[in-house]
Amino acid sequence: MADDSMTSQGSMAATTSFQGPTLPQDPMLANPMDPNLQLRNEVIAIEAAMGRMQEQLNAMRELAAASAAAAASATVTAHRSPLPHNFKAPNLESYSGHKGEDLRAWLFQANEQLDLLGVTDDEARIKIAGMALSKNAKTWYLSVRGPTCSDANRVTTWDQFQTALMAHFYPIDPIKQARDRIANLRAPSGQCERLHCNVPAVVHHHH
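Its first residue numbered 654, the sequence shown is counted upward by one per residue in the working numbering.
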């Protein structure tokens, strides 16, 4: 019996001494109210939210970049010359604005060639005509089309261009000039009436 008792105690001691490796307990199971555990969970949730926000921000940046590229493309298209494909500028005779040059003939030639080439856009017609201007006429052109030209003075249509060019360089109507001179004469009433009556004949005689 003593041997059996000793054997039984040895077995119990052996069983008690061998417990195997101690496994770590899950902190959430150990103490779900642990403040450190709650803080860690909050940090994880914040990091996840920041990740989603970063993804949204990247998507917004890509969208903004695509919109900017589309706007730039639209701007280039808007400023693209409306001239026909493979357009060759007409060989317009130069006009300098000096006396002796026939501005009306020059404008007629410009209109004929631009119409023949199918240039209907006002901006294109003005630019092509502007390339044929020189000296005084080029100086005038810069005053109505140059980078320092004010919006009030800028010509934007082909009709405005022709009208402004004629007003600046075309000589005063000789008939109007003769009548203005006669109107300024201080002659007796009889002579003045006689001069007015003879104005048309004098003018036609010079023509």
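Even for Gly, the Cβ is constructed at its ideal location relative to N, Cα and C.
| Asked | Found |
| --- | --- |
| Just to confirm, are F814 and I779 a CB contact at a threshold of 7 Å? | yes |
| According to the Cβ coordinates, are S747 and A785 closer than 7 Å? | yes |
| How should I697 be labelled, buried or exposed, when 16 other C-beta atoms within 10 angstroms of its C-beta is the threshold for buried? | exposed |
| Using beta-carbon positions only, say whether V808 and A820 come within less than 7 Å of one another. | no |
| Whose C-alpha, out of A717, R757, P800 and A782, is nearest the C-alpha of T810? | A782 |
| In chain order, what are the residue ranges of uninterrupted alpha helix (DSSP H) at least 4 long that sit wholly in the segment 780-831? | 788-798 and 811-822 |
| On a CA-only basis, which of G753, Q766, L756 and D774 is nearest N744? Give me that one, please. | Q766 |
| What's the gap between the Cα of N837 and the Cα of A805? | 34 Å |
| Pull up the distance between the alpha-carbon of R705 and that of L690, whole angstroms please. | 23 Å |
| How would you write the range of the alpha helix (DSSP H) that L756 sits in, first residue to last? | L756 to L769 |
| Is it buried or exposed for A777, if we count other Cβ within 10 angstroms and need 16 for buried? | buried |
| Going by CA-CA distance only, name the one from D774, D775 and W759 that's closest to A790. | W759 |
| Counting only the same chain and skipping the five closest in sequence on each side, list residues whose C-beta sits under 7 Å from that of W793. | G750 and H821 |
| What do you get for A763, buried or exposed, if any count of 16 or more other CB atoms within 10 angstroms of its CB means buried? | buried |
| Give the single residue among D812, K788 and R693 whose Cα lies nearest to the Cα of K752. | K788 |
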